[in-house]
Amino acid sequence: MGQRQLTPLPRPFYDRPVLAVARDLLGAVVRHGEVAVRLTEVEAYAGGHDPASHAFRGPTQRNAVMFGPGGHAYVYFTYGMHFCMNLVCGPDGSASAVLLRAGEVVAGVDAARMRRPGASERDLARGPARLTKALAVDRALDGADVTSRRSALQVVAGERVPDDAVRRGPRVGVNAAHDVPWRMWIDGEATVSVYRRHVPRVHSKK
DNA sequence: AAGAGGATGGCCT
DNA sequence: GGCCATCCTCTTC
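Take the first sequence: its letter number 72 is residue 74 in my numbering, and every next letter is one higher.
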C-alpha cells in the first residue's frame with residue numbers, strides 16, 4: 003500500500019472545466035471526520051447554460067455557494083428529508099459543480115452503519131442522499147472549504163482510475179438535457195447507484 | 001401569501 | 001414496477 007495521502011486536493015484541482023474535475027474525482031476520497039468514501043459515481047452540472055443546473059436561473063440564497071470559488075461544498079436539502087453534496091469547480095463565478103452520487107465507504111464503516119441502520123455495506127453510500135447520510139454531511143457544511151488541511155470535510159486523491167474504466171451516461175433524475183452524458187462512474191463497481199430516469203411526481207393532495 | 005415540485009430513498013407488490 | 005414521506009425553495013400572484 004502506498005503512503006497515506008494526508009493533503010487535500012488543492013484549489014487548482016477544482017479550477018478547471020467541470021467535466022475534467024468530475025472525471026478526476028472518480029477514485030478520489032471524501033472524508034468527514036472518521037468516515038471516508040471513495041467516489042465511484044459523480045455528475046457534472048455546468049453553470050448558467052445548463053438547464054439542469056441549480057445555477058441555471060441565476061444566483062439565489064440556496065445556490066449562492068455555486069457562484070463562489072471552487073473547492074467548496076454546495077450542500078442542498080431536497081424532498082423534505084435529504085441532503086445532496088456538490089463540489090464547486092471551474093473558474094470563480096462559473097457556477098459549475100459536481101454532484102457526488104455514490105461511493106464505497108473505505109474508513110469508518112461502523113460509524114456509517116450507525117447512521118444508515120439496516121443498510122448493507124454496499125448501500126451505505128450508494129446514492130447521493132445516502133452518501134451525505136453516511137458522511138454526516140448536512141446544511142451546516144454548505145460552503146465548507148474542502149481544500150483546507152484543517153477542514154473537517156476534505157477530498158483527497160485516490161488511486162487513479164484508468165480511462166477505460168470510466169463510463170458515461172445521462173444524468174439521473176434530470177429531465178433537462180437528458181441527452182448530455184455528464185454522469186460518470188467506474189465500470190463494474192458495486193456501489194454505483196441504480197439508474198432511474200426522471201419521473202414527474204404526482205402531487206397527492208387532500 | 002400561496003402553490004408546485006424537487007439532482008431521493010425506502011418500502012410495497 | 002409503483003407509491004409516498006416531508007419541507008424547503010422558487011415562482012408567481
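Note that beta-carbon positions come from the ideal geometry of N, C-alpha and C, so glycine has one too.
Since the model is a prediction, treat every value here as computed from it, not as a measurement.
Asked	Found
Option in R170, D112 and L137 with minimal Cα separation from L28	R170
In chain order, each beta strand (DSSP E) run of at least 3 residues that lies wholly inside the segment 73-126	75-80, 84-91 and 98-109
Residue range of the unbroken beta strand (DSSP E) whose run includes Y211	The structure shown does not extend to residue 211, since the chain spans only 3 to 208, so no value can be given for it.
Assumed close pair V37, G105 - CB separation to whole angstroms, cut-off 8 angstroms	Not really, about 11 angstroms apart at Cβ, beyond 8 angstroms.
Touching by the beta-carbon criterion (3+ pairs, under 8 angstroms), the segment 72-90 and the segment 146-163	yes
Sub-8 angstroms separation of A136 and V107 beta-carbons	yes
M186 - partner residues in DSSP beta bridges	V44 and R170
Cut-off 6 angstroms between Cβ atoms - residues of its own chain near T134, not counting five sequence neighbours on either side	F85 and M87
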